[in-house]
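Student:
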Amino acid sequence: MPSETTEPRWDPSGIVTLTTDFDTRDPYVGMMKGVLLRAHRGVRIVDLCHGVPPQEIRVAAWMLEHSIRYFPAGTVHVAVVDPGVGSSRGLLVAEDQGAAFLAPDNGLLPAALSRDARYHELDLERFALPDASRTFHGRDVLAPAAAAIAAGLAPAAAGRVLARPPVGGRSIAPRRIDDAALEAEVLLADRYGNLVLAVRPADLGGDLDRWRVEIDASRVAGATPTETSLAIRGTYADVAPGVPLALVDSYGAIEIAVRDGSARERFGLEPGARVVLRRQG
Amino acid sequence: MPSETTEPRWDPSGIVTLTTDFDTRDPYVGMMKGVLLRAHRGVRIVDLCHGVPPQEIRVAAWMLEHSIRYFPAGTVHVAVVDPGVGSSRGLLVAEDQGAAFLAPDNGLLPAALSRDARYHELDLERFALPDASRTFHGRDVLAPAAAAIAAGLAPAAAGRVLARPPVGGRSIAPRRIDDAALEAEVLLADRYGNLVLAVRPADLGGDLDRWRVEIDASRVAGATPTETSLAIRGTYADVAPGVPLALVDSYGAIEIAVRDGSARERFGLEPGARVVLRRQG
Amino acid sequence: MPSETTEPRWDPSGIVTLTTDFDTRDPYVGMMKGVLLRAHRGVRIVDLCHGVPPQEIRVAAWMLEHSIRYFPAGTVHVAVVDPGVGSSRGLLVAEDQGAAFLAPDNGLLPAALSRDARYHELDLERFALPDASRTFHGRDVLAPAAAAIAAGLAPAAAGRVLARPPVGGRSIAPRRIDDAALEAEVLLADRYGNLVLAVRPADLGGDLDRWRVEIDASRVAGATPTETSLAIRGTYADVAPGVPLALVDSYGAIEIAVRDGSARERFGLEPGARVVLRRQG
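Residue numbers (the working numbering), protein chains in the order written: chain A, 6 to 286; chain B, 6 to 286; chain C, 6 to 286.
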């Protein structure tokens, strides 16, 4: 007779993904992989991304949110952007969309996961390495816990009931100016200089053809209207090389790009900048 | 009674390599790995290189060409430098030297593979994820196809007869000035500042001792002839620290280097620059 | 009746780690992985770190030294920082702490391993690929040897008795100024701008509370004593955002940091700089 307290079903894929702001110039990621392999020899480790800008919790959440669906069910996703490491901030283990998640309790997971996510507090003492540091819980606590969950421990059984709700994430949703205009943030610039906006097609009511992304004309010397009021196209190749455009990008978000060029350089826009989207007619 | 249309023999190693211009600061590579693992749990994924400069099809081809022979037969090599993504450009699946190759039809594979390579047109609709984007065919089409081929599908069976020859690659061969001189391109600068020339020993008739790489003397303040007419040495340690040299490098190509230093900085040469090689006596 | 010459026991984990100064913008690491997989299909490869600054043997040794204990026994660690490649410098295979090590004989391993490490000279001819280069022994000699050891060959059986002791490493130990003061080197700056000092708690007699890291006040405009005489804290979150501190870091070494900021930028200190640690009272 199953009840609410029955051990939840957990069928691990054996895969652990890592998302961090560690970069790869240091051996921090490599150390985490050693811990994972020592605890569970059969684990499969995938670097989701280590290029999160330092301490940028919202960017890590965005990257994780848009990557989950590409991985098999039963995958364990570990995300470490952890400015509060070693303080009294807690560690979370969560379940959502058939996958498990481990991260500091700093807003990262609530920003990345669905409203149906179930959160637990990870038991730091249970999983910590004997010589755990106060500066690197990704290696000393989260990696051992991830190995245990990838090896079969149910996520809920790795944690306990949360004493309070998880720390909330800072919203990245666009701000509605009026019926026909939104102000949105440039969330990140990728390696091509594409500017990813924190706006999804749903925020535009799905009617993409009527919207334009507006760029402050003073940013572009001698700019024509084509360069400062960007229609939302289907793909980069819909414009000629060197021409700016907006499009639905590989995250499924609205992006400002320059074909075969860098929108970041062309417009002098950096992450954190704000742009206006306006509906025509 | 075998015929031309018999299913070709394909014995996969289970390994998929990835060569892209994505860099690793974004989760694009990680997303591709998720797709590969979801489609074929047993796949082994190797990052060949994600540091191809943006849109540099010829550099990706060069890196792939010089790496194939280090991998087991039956490996699937996926190369994604794709300025035309989402346009009408096709996708190729090829076989060469016992390995399989997947890439956009933009000159990359013909520049990397042998003259014996067999090309097919990949069926985009067959392999595309249900929610395929128009901006990321590496993840949404090539990764699922690579997983299928790594799991046993013969490359030829993954494609159909090409309607026209593959798009040709731009040549990087050195230009013959006269009997005793070649002009060659600096194809890339590696992390040490070594300048890799698009010249192989065979282009010099194999007689390396008689050739010099000439550097425009105006590039080096107070330069001595030793610094501007570089003999082709055996290895970096054949000269003293800080001294420039030419040598046959890890690609098997001619390279300009400075021992324990950066030829890129010393000579102010960037990829795309041209240098002259001259035969003595 | 066992004797000194009995074949040593070696129980490989099947894992090979790679530590290099190659960066990942080039395919050099990828080529090594191909060689490893071609020689031993079941090998598990872990990138420990490829961000060692060019030719920085001591940094590679430091990274390796502090990572060994996180990996399973029986792991093969390959470290390639090799300014003398192709010269008469030898190649080493070593055993220490239950693991195997392969590296050029240039001081790297003696700096990383314990005093109990056992060294042998690797037989270059035995393991070299048929077409071995003189510029890339990591790929052409060390990778084939690592694959053989990961597959079961005892490290001692892969080498022969050393003709002379291994080349010694340059010391990074702090210099004692007097009973109450040490001068230490900034060994590396990590991606956050944390400055890792070549000082361990044991160098301070374990009594961390009495020591301060002193920063030259002229480096910080308008600096208060809190900013130039740094107590050794437990973790970053022990100070407010933007405040500098010293702490025992993820290497178990003393580090200068700025919470949520970059000590490298704040203090204008680069690797190679020296700072003073002073005992109070």
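Cβ coordinates follow ideal geometry from the N, Cα and C atoms, glycine included.
Quick check: the Cα distance between B/Lys38 and A/Val51, rounded to an integer number of angstroms?
Tutor: In the second sequence, counting from the first residue as 1, residue 38 of chain B sits at position 33. In the first sequence, counting from the first residue as 1, residue 51 of chain A sits at position 46. Near 7 Å, if we compare the C-alpha coordinates of A/Val51 and B/Lys38.
Student: When we look at the beta-carbon of A/Gly164 and count the other beta-carbons within 10 Å, is it buried (16 or more) or exposed?
Tutor: Counted from its first residue, the first sequence places residue 164 of chain A at position 159. So A/Gly164 counts as buried.
Student: Using C-beta distances below 6 Å, list every residue in its chain close to B/Asp87, excluding the 5 sequence neighbours before and after it, in chain order.
Tutor: Translated into the one-based positions of the second sequence, residue 87 of chain B becomes position 82. So the list reads Pro109, once near-sequence residues are dropped.
Student: How would you list, in chain order, the residues of chain C whose beta-carbon sits under 8 Å from the beta-carbon of B/Ala242?
Tutor: The residue given as residue 242 of chain B occupies position 237 in the second sequence. By Cβ distance, chain C contributes Pro88, Gly89, Val90, Gly91, Ser92 and Arg94.
Student: Let's test the definition: count the other Cβ atoms within 10 Å of the Cβ of C/Glu275 and tell me whether it reaches 16, buried, or not, exposed.
Tutor: Taking the first residue of the third sequence as 1, we reach residue 275 of chain C at position 270. Classification of C/Glu275: exposed, given that the 10 Å Cβ count is below 16.
Student: At a Cβ threshold of 8 Å, is C/Gln300 touching chain B?
Tutor: Residue 300 of chain C falls outside the range modelled here, since chain C spans only 6 to 286, and no answer is possible.
Student: According to DSSP, simplified to helix, strand and coil, what is B/Glu9?
Tutor: Looking up residue 9 of chain B in the second sequence gives position 4. Confidence is the limiting factor: at B/Glu9 the pLDDT is only 49, short of 50, which leaves the residue's position unreliable and the question unanswerable from this model.
Student: Would you mind listing the beta strand (DSSP E) stretches within the region 231-269 of chain B that are 3+ residues and don't spill past its ends, in chain order?
Tutor: Complete beta strand (DSSP E) runs here, min 3: 234-238, 249-253 and 259-263.
Student: If you pair each beta-carbon of the region 61-70 of chain C with each one of the region 166-180 of chain C, do three or more pairs fall below 8 Å?
Tutor: They touch, by the three-pair rule.
Student: How far does the beta strand (DSSP E) with B/Glu126 in it reach, from first residue to last?
Tutor: For the purposes of this step, residue 126 of chain B is taken as residue 121 along the second sequence, with counting starting at 1. Arg123 to Leu127 is the span of the beta strand (DSSP E), which, as asked, contains B/Glu126.
Student: DSSP beta-bridge partners for A/Glu100?
Tutor: Counting from one through the first sequence, the residue named residue 100 of chain A turns up at place 95. Answer is A/Ala105 and A/Arg123.
Student: State the DSSP-derived secondary structure class of B/Val21, mapped to helix, strand or coil.
Tutor: By one-based count along the second sequence, residue 21 of chain B stands at place 16. Residue state, collapsed to three classes: strand.
Student: Under 7 Å Cβ to Cβ from A/Ala129, same chain only, skipping five residues before and after it: list those, please.
Tutor: Mapped onto the first sequence, residue 129 of chain A falls at position 124. Position check: residue 129 of chain A holds Leu in this sequence, whereas Ala was assumed. Cβ within range, chain order: Leu96 and Val146.
Student: Could you check how far apart the C-beta atoms of B/Glu139 and C/Asp31 are, in whole angstroms? I think they sit under 8 Å.
Tutor: Taking the second sequence and counting its residues from 1, one reaches residue 139 of chain B at position 134. Taking the third sequence and counting its residues from 1, one reaches residue 31 of chain C at position 26. For clarity, residue 139 of chain B is Arg in the given sequence; the question names Glu instead. Actually they are not in contact, since the Cβ atoms of B/Arg139 and C/Asp31 sit about 31 Å apart, beyond 8 Å.
Student: Anyone know if the C-beta pair for B/Arg151 and B/Leu107 falls short of 8 Å?
Tutor: On the second sequence, position 146 is the one that residue 151 of chain B refers to. On the second sequence, position 102 is the one that residue 107 of chain B refers to. First, the residue type needs correcting, since residue 151 of chain B is Ala and not Arg in the sequence shown. Their beta carbons are under 8 Å apart, which means B/Ala151 touches B/Leu107 by this criterion.
Student: Less than 8 Å between the C-beta atoms of C/Asp26 and C/Gln60, yes or no?
Tutor: Taking the third sequence and counting its residues from 1, one reaches residue 26 of chain C at position 21. Taking the third sequence and counting its residues from 1, one reaches residue 60 of chain C at position 55. Yes.
Student: Apply the 10 Å Cβ neighbour rule to B/Val21 and answer buried if 16 or more other Cβ atoms are within range, or exposed otherwise.
Tutor: Taking the second sequence and counting its residues from 1, the one referred to as residue 21 of chain B is at position 16. Answer is buried; the Cβ neighbour count reaches 16.
Student: Out of B/Leu53, B/Ile62 and B/Gly91, point me to the one whose CA is closest to B/Ala81's CA.
Tutor: The count along the second sequence starts at 1 and reaches residue 81 of chain B at position 76. In the sequence on display, residue 81 of chain B carries Val and not Ala. Among B/Leu53, B/Ile62 and B/Gly91, the Cα nearest to that of B/Val81 belongs to B/Leu53.
Student: Assign B/Arg279 to one of two classes, buried (16 or more other C-beta atoms within 10 Å of its C-beta) or exposed (fewer than that).
Tutor: Translated into the one-based positions of the second sequence, residue 279 of chain B becomes position 274. Exposed is the call here.
Student: If you reduce the DSSP assignment to three classes, tell me which class A/Arg139 lands in.
Tutor: The residue you call residue 139 of chain A lines up with position 134 of the first sequence. DSSP places A/Arg139 in coil when its eight states are reduced to three.
Student: List, in chain order, every chain B residue whose beta-carbon is nearer than 9 Å to that of A/Arg205.
Tutor: Residue mapping note: residue 205 of chain A aligns to position 200 of the first sequence, counting from 1. Near A/Arg205 there are no residues of chain B at all, since even the closest Cβ is about 13 Å away, more than 9 Å.
Student: Grab the span of the beta strand (DSSP E) containing C/Ile62 for me, first residue to last.
Tutor: Mapped onto the third sequence, residue 62 of chain C falls at position 57. Careful: C/Ile62 lies outside any beta strand (DSSP E), inside the alpha helix (DSSP H) at Ile62 to Glu70.
Student: Got a sec? Which residues, its chain only, sit under 8 Å from B/Val34 by beta carbon, not counting five neighbours each side?
Tutor: Looking up residue 34 of chain B in the second sequence gives position 29. For B/Val34, where only same-chain residues beyond five positions count, the Cβ hits under 8 Å are Leu23, Thr25, Phe27, Asp52 and His55.
Student: Whose C-alpha, out of B/Asp214, B/Leu282, B/Ala268 and B/Gly47, is nearest the C-alpha of B/Asn199?
Tutor: Stepping through the second sequence from its first residue, residue 199 of chain B is reached at position 194. Selected option, being the one with the closest Cα: B/Ala268.
Student: Listed from N- to C-terminal order along the chain, which residues in the region 24-43 of chain B have their beta-carbon within a distance smaller than 7 Å of any beta-carbon of chain A?
Tutor: Here the close residues are Phe27, Asp28, Thr29, Arg30, Asp31, Pro32, Tyr33, Gly35, Met36, Lys38, Gly39, Val40, Leu42 and Arg43.
Student: Alpha carbon to alpha carbon, what distance is there between C/Ser72 and A/Leu5?
Tutor: Outside the displayed span of chain A (6 to 286) sits residue 5 of chain A, for which this structure offers no information.
Student: Which residues, in chain order, does the region 59-70 of chain A contribute to contact with chain C at a C-beta distance below 7 Å?
Tutor: If the cut-off is 7 Å between Cβ atoms, the region 59-70 of chain A has Pro59 and Gln60 near chain C.
Student: Counting only the same chain and skipping the five closest in sequence on each side, list residues whose C-beta sits under 6 Å from that of B/Ala156.
Tutor: Counting from 1 along the second sequence, the entry for residue 156 of chain B is found at position 151. Excluding sequence neighbours, B/Ala156 sits near His45.
Student: Please report how far the alpha carbon of C/Val191 lies from the alpha carbon of B/Arg264, in whole angstroms.
Tutor: What you label residue 191 of chain C is simply residue 186 of the third sequence in a count that begins at 1. What you label residue 264 of chain B is simply residue 259 of the second sequence in a count that begins at 1. Going by the C-alpha atoms only, they are around 25 Å apart.
Student: Nearest chain A C-beta to B/Thr140 closer than 8 Å, yes or no?
Tutor: Here residue 140 of chain B is taken as the residue at index 135 of the second sequence, counted from 1. Yes, B/Thr140 lies at the interface with chain A (some Cβ there is under 8 Å from its Cβ).
Student: Does the Cβ-Cβ distance between C/Arg205 and C/Val40 come in under 8 Å?
Tutor: Here residue 205 of chain C is taken as the residue at index 200 of the third sequence, counted from 1. Here residue 40 of chain C is taken as the residue at index 35 of the third sequence, counted from 1. It is not a contact, given that the beta carbons lie outside the stated cut-off.
Student: Since I believe C/Ala245 is in contact with C/Pro160 (beta carbons under 8 Å), could you give me their beta-carbon distance rounded to a whole number of angstroms?
Tutor: Counting from 1 along the third sequence, the entry for residue 160 of chain C is found at position 155. Counting from 1 along the third sequence, the entry for residue 245 of chain C is found at position 240. C/Pro160 to C/Ala245, Cβ: 50 Å. No contact.
Student: Quick one: Cα of B/Thr229 to Cα of B/Gly257, how far?
Tutor: Counting from 1 along the second sequence, the entry for residue 229 of chain B is found at position 224. Counting from 1 along the second sequence, the entry for residue 257 of chain B is found at position 252. Roughly 28 Å separates the two Cα atoms.
Student: Look at A/Ala222 and A/Thr233 and say whether their C-beta atoms are less than 8 Å apart.
Tutor: Sequence index remark: in the first sequence, residue 222 of chain A carries index 217 (1-based). Sequence index remark: in the first sequence, residue 233 of chain A carries index 228 (1-based). Going by C-beta atoms, A/Ala222 is nearer than 8 Å to A/Thr233.
Student: B/Pro77 and C/Leu158: beta carbons closer than 8 Å?
Tutor: Here residue 77 of chain B refers to the residue found at position 72 when the second sequence is read from its first residue. Here residue 158 of chain C refers to the residue found at position 153 when the third sequence is read from its first residue. No. Outside cutoff.
Student: If you compare alpha carbons, which of B/Leu235, B/Gln102 and B/Arg181 is closest to B/Tyr124?
Tutor: On the second sequence, residue 124 of chain B is found 119 positions in, with the first residue counted as 1. Residue B/Gln102 is the option with its Cα nearest to B/Tyr124.
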